[in-house]
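Enquirer:
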Amino acid sequence: MVLRYLTVLGDAPEAFLILIAAFLFSMLVGLSFHEFSHAFVADRLGDRTPRSFGRLTLNPRAHLDPVGSLMILFVGFGWARPVPVNPFNTRNPQRSMAMIASAGPVSNLAMAALAGLPIQFGWVPFWHPFVSPQLAGLYARAWTETPQDLVGLFLGTVVLLNVLLAVFNLLPLAPLDGFRVAVGLLPRNLSQPLARMEQWGPGILMLLIFMPFLTGSSPLFVVMGPLIDFFLSLFVGGGQPLRFS
């Protein structure tokens, strides 16, 4: 992912550094807060499993996986260390499962909303790095025109990355949070057949992730695109919708 923006380094090194800082911030804070939120909600519902594993903390060292973090930086997708939970320690395991799983994506949406406030108020512009590599040099000049533009690039990138993380994790495929939410919310006659498909989820997910390299199109972003555009419009006050086709 970072390699995509190496062309910006020569034209606007300060923009490149801002992008790296935004990616690192989103990874260190966004992923850590995501996993902490799972642990916090589980603990509040009566499951002390995350606490016993030392996961009831905002310390990134407790949550980040070194390989998964490097994958996020250089490939564009990766993972943190999953928080161990046992919803059967709570009063209503099925409902608790949905609440614990949804806490992670909700935390990222909250971070995106907070980072988007200066953009909403018109204090800084909304810039994001999802532009054509051929146009990166042109955008780099706009990103670095004023200090406000640089701040807008940092905040806009944080907003976008946290929205992406939330929407991706809400997909109803194992091992993503959306799978647990769906199993927890659906009626038993629907949740049980879905739960039995858990073993196939990682394979299906990897196939969908790599499909753009095989076919040139991304079914994931066909599904995710409208939700991403909705949350960006909500958090940064509109702007040109993103297109991931």
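Residue 185 in numbering that gives the first Met the number 0 sits at position 186 of the sequence shown; the count goes up by one each step and never skips.
Backbone N, C-alpha and C fix where the C-beta goes; we use that ideal spot for every residue, glycine too.
Just so we're clear, the structure is a prediction, and the values are computed from it rather than from any experiment.
Mind checking which residues open and close the alpha helix (DSSP H) that includes residue 33?
Expert: That run of the alpha helix (DSSP H) goes 31–43.
Enquirer: When you compare only the Cα positions, how much space is there between residue 122 and residue 147?
Expert: Approximately 8 Å, taken between the alpha carbons.
Enquirer: Work out the CA separation of residue 87 and residue 128 for me, nearest whole Å.
Expert: When rounded, the distance between both Cα atoms is 43 Å.
Enquirer: Could you check whether residue 166 and residue 223 sit closer than 8 Å to each other, using their CB atoms as the reference points?
Expert: Yes, they are a contact pair.
Enquirer: Counting C-beta neighbours from all protein chains within 10 Å, is the total for residue 225 16 or more, i.e. buried, or is it exposed?
Expert: Exposed, by the Cβ-count rule.
Enquirer: Just to confirm the assignment: which complete beta strand (DSSP E) runs, minimum length 3, are found wholly within the stretch 204–242?
Expert: The stretch 204–242 contains no whole beta strand (DSSP E) run of 3 or more residues.
Enquirer: Within the same chain, show all residues whose beta-carbon is closer than 6 Å to that of residue 46, passing over the 5 residues directly before and after it, in chain order.
Expert: Answer for residue 46: 84, 85, 88, 89, listed in chain order.
Enquirer: In whole angstroms, give me the CA-to-CA distance for residue 53 and residue 79.
Expert: Each residue's Cα considered, the two are about 15 Å apart.
Enquirer: Opposite residue 79 in the DSSP bridges: which residues?
Expert: According to DSSP, residue 79 bridges with 63.
Enquirer: Taking the alpha carbon of residue 72 as the point to measure from, which residue in 24, 210, 81, 236 has its own alpha carbon closest?
Expert: Comparing Cα positions, the closest option is 24.
Enquirer: Assuming residue 164 and residue 33 are in contact, meaning their beta carbons sit under 8 Å apart, how far apart are those beta carbons, in whole angstroms?
Expert: About 7 Å separates the two Cβ atoms, so the contact holds.
Enquirer: What is the DSSP secondary structure of residue 21, counted as helix, strand or coil?
Expert: If DSSP states are grouped into helix, strand and coil, residue 21 belongs with the helices.
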